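This report refers to the structure that appears directly beneath it.
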């Protein structure tokens, strides 16, 4: 429900991979450009992963 009404809209799932220290910045950026007043922004923590992938992810999102 949104504002008391059942809504039927087409939505797209966006997955953004980042590190915990950049999470708030990602949330701010998505909220700034999203068409919804209240976009669904959730965090799914990485509880395990290959060391090489996690090293790559950390390096890939590092500010330059």
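Numbering (our numbering), first residue to last: -9 to 54.
Beta carbons: idealized from backbone N, C-alpha and C, even for Gly.
Computed from a predicted structure; not experimentally measured.
The alpha carbon of residue 0 has as its nearest neighbour, out of 15, 26 and 8, the alpha carbon of 26. One Cα belongs to residue -9, the other to residue 42, and the distance between them is close to 42 Å.
The beta carbon of residue 8 lies closer than 7 Å to those of 16 and 51 in the same chain, with the five residues before and after it left out.
Within the model, the alpha-carbon separation for residue -7 versus residue 48 is close to 39 Å.
If only uninterrupted alpha helix (DSSP H) runs of at least 4 residues are considered, those enclosed by the stretch -5 to 27 are 13 to 23.
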